[in-house]
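> Keeping their order, the protein sequence lines are chains S and X.
According to full-length UniProt numbering, the residues represented by the first sequence are 1 to 149, in order.
According to full-length UniProt numbering, the residues represented by the second sequence are 1 to 149, in order.
Just so you know, even glycine gets a beta-carbon here, dropped at the ideal spot from N, CA and C.
What you are looking at is a predicted structure, and each value in this text was computed from that prediction instead of being measured.
Protein chains: 2
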Amino acid sequence: MTDSEIRYQSLLHKLQQRGCRLTSHRLALARLLSISEGHPNASQLYETLRTQFPTISLATIYKTLTLLKEEGEVLEIDLHSDSHYDGNKPYPHPHLICSRCGAILDGDSVRSLTALNQEIEQTYGFHISRYQLVFYGVCQSCLQAERSA
Amino acid sequence: MTDSEIRYQSLLHKLQQRGCRLTSHRLALARLLSISEGHPNASQLYETLRTQFPTISLATIYKTLTLLKEEGEVLEIDLHSDSHYDGNKPYPHPHLICSRCGAILDGDSVRSLTALNQEIEQTYGFHISRYQLVFYGVCQSCLQAERSA
DNA sequence: TTCTTTTTGGATAATCATTCTCTAAACATG
DNA sequence: CATGTTTAGAGAATGATTATCCAAAAAGAA
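Written as structure tokens, this is what we have:
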């Protein structure tokens, strides 16, 4: 079973557990989220699904995304009035946004994040429950393209 | 000269340098930003100023905030469709948001942040230009109030 | 199966923060 | 003082997101 297949089953399971109806629209959205490599926003998901399901509405996208968020199966990345969604890594992790190409890259696998969390908890007596870390700059491939140009 | 006085002069200087007119509305906003301990949003700034300047409009607040942002004198904290502004520490720094009392606390003075930035640059070959780090949880005073209750 | 009851999905309408536009006022210059 | 030019600011517009409400689907009774 592929990773995306595992994610898909996990999304379906949570929706089922919650007693939600598994309509074709919801199945298609869950599938799309689980295979998406990037971090689509609601409009992008809508436009993609609309080719196959012309009657689907944006509200359905938002409602299902909210359900999946509440179940902890989707992470919302809250950017300036344009939320993007991660259905593959639904836990908090840093994101790197390239100002050149617009890519949203995952920044998990940075070990020093643990130290930062600990220092904040100790220094400020603050109990962290979740976080959103966004770094803006230029990604590796854009830097390389620049150098070779 | 107090810290807030220094900040006020700095805001005025940048507006002047840019060739902006120093209207009473703008002066009042610059003053308010420089003395604000917390992190007000546009509406809060508007409501505060409206008592003294009944004719001021929200658009003026937004426009002047944009000017000051561009001059690097104000930092925008981009939360879920509700931006807050910091006129005292206009450089990127972590913020701690308390889910209980809603306070937005400054998380500057964490040393391990440098290590995190370096690790991201090295691990992903990503050139960071700015960042927004927001930690959600419970602040020290709310934790203490909870314990003593 | 068929009718009734109840819940849930989804299309449209509404909302709200933010931005755009356009008029009028302020400043500089002759 | 008059004239031209720039900019402030009020109200209209925008666009992402959310709320409402109708219809369709499931469940249960006969």
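Here's a check: name, in chain order, each residue in its chain whose Cβ is nearer than 6 angstroms to the Cβ of ARG26(X), leaving out the five neighbours to either side.
Locating residue 26(X) in the second sequence gives position 26, where the first residue counts as 1. THR64, listed in sequence order.
> Pick out whichever of SER36(X), GLU37(X), LEU32(X) and GLY38(X) has its Cα sitting closest to the Cα of GLN52(X).
By one-based count along the second sequence, residue 52(X) stands at place 52. When only C-alpha atoms are compared, the closest one is LEU32(X).
> With a cut-off of 8 angstroms on the beta carbons, I'd call ILE35(X) and LEU45(X) a contact; round off their distance for me.
For the purposes of this step, residue 35(X) is identified with residue 35 of the second sequence, where counting begins at 1. For the purposes of this step, residue 45(X) is identified with residue 45 of the second sequence, where counting begins at 1. ILE35(X) to LEU45(X), Cβ: 12 angstroms. No contact.
> With a CB to CB cut of under 6 angstroms and the five nearest residues on each side skipped, what residues in its chain are close to ARG100(S)?
As a working note, residue 100(S) is residue 100 in the first sequence. Same-chain partners within the cutoff: VAL138 and CYS142.
> Have a look at ARG18(S) and ARG130(S) and give me their C-alpha separation to the nearest angstrom.
Within the first sequence, the letter at position 18 stands for residue 18(S). Within the first sequence, the letter at position 130 stands for residue 130(S). Each residue's Cα considered, the two are about 23 angstroms apart.
> Nearest CA to the CA of PRO94(X): which residue from PRO90(S), ILE120(S) and MET1(S)?
If you number the second sequence from 1, residue 94(X) lands on position 94. Here the closest residue by C-alpha is ILE120(S).
> Just mark TYR91(S) as buried or exposed, buried being the case when its beta carbon has 16 or more other beta carbons within 10 Å.
Numbered from 1 along the first sequence, position 91 holds the residue referred to as residue 91(S). Burial call: exposed.
> Our contact map puts ASP82(S) next to LEU75(S) with C-beta atoms below 8 angstroms; I'd like the distance itself, whole angstroms only.
Taking the first residue of the first sequence as 1, we reach residue 82(S) at position 82. Taking the first residue of the first sequence as 1, we reach residue 75(S) at position 75. Wrong, their Cβ atoms sit about 15 angstroms apart, outside the cutoff.
> Could you name each continuous alpha helix (DSSP H) segment of 4 residues or more that falls completely within the segment 14 to 55 of chain X, going from the start of the chain to the end?
With a minimum length of 4 residues, the continuous alpha helix (DSSP H) runs that stay inside the segment 14 to 55 of chain X are 24 to 35 and 42 to 52.
> Less than 7 angstroms between C-beta atoms, sequence neighbours within five positions excluded: which residues of the same chain meet that for SER10(X)?
Here the question's residue 10(X) lines up with position 10 in the second sequence. Closer than 7 angstroms at Cβ, skipping near neighbours: GLU73.
> In the DSSP assignment, the beta strand (DSSP E) including CYS98(S) goes from what residue to what residue?
On the first sequence, residue 98(S) is found 98 positions in, with the first residue counted as 1. Taken as a continuous stretch (DSSP letters only), the beta strand (DSSP E) holding CYS98(S) covers 95 to 98.
> Please state the DSSP three-state secondary structure of ASP108(X).
Within the second sequence, the letter at position 108 stands for residue 108(X). Three-state DSSP puts ASP108(X) in coil, outside helix and strand.
> I'd like to know whether the C-beta atoms of ILE128(X) and PHE126(S) end up nearer to each other than 7 angstroms.
To locate residue 128(X), count along the second sequence from 1; it is residue 128. To locate residue 126(S), count along the first sequence from 1; it is residue 126. Between ILE128(X) and PHE126(S), the gap from beta carbon to beta carbon reaches 7 angstroms or more.
> Assign HIS84(S) to one of two classes, buried (16 or more other C-beta atoms within 10 Å of its C-beta) or exposed (fewer than that).
Start at 1 with the first residue of the first sequence, and residue 84(S) comes out as number 84. With 16 or more other Cβ atoms within 10 Å, it is buried.
> Using the three-state DSSP reduction, which class does TYR76(S) fall into: helix, strand or coil?
Residue 76(S) sits at position 76 when you count from the first residue of the first sequence. According to the sequence as given, residue 76(S) is Glu; it is not Tyr. Three-state result, GLU76(S): strand.
> Going by the beta-carbon positions, is the gap between HIS39(S) and ILE77(S) smaller than 7 angstroms?
The residue given as residue 39(S) occupies position 39 in the first sequence. The residue given as residue 77(S) occupies position 77 in the first sequence. For HIS39(S) and ILE77(S), yes; Cβs fall inside 7 angstroms.
> Would VAL138(S) count as contacting chain X if we go by Cβ distances under 7 angstroms?
Numbered from its first residue, the first sequence carries residue 138(S) at position 138. Taking Cβ atoms only, chain X reaches closer than 7 angstroms to VAL138(S), which makes this a yes.
> Rounded to whole angstroms, what's the CA-CA distance from ALA145(X) to SER4(S)? Just pull it up for me.
Position 145 of the second sequence, counting from 1, holds the residue named residue 145(X). Position 4 of the first sequence, counting from 1, holds the residue named residue 4(S). Roughly 45 angstroms between the two C-alpha positions.
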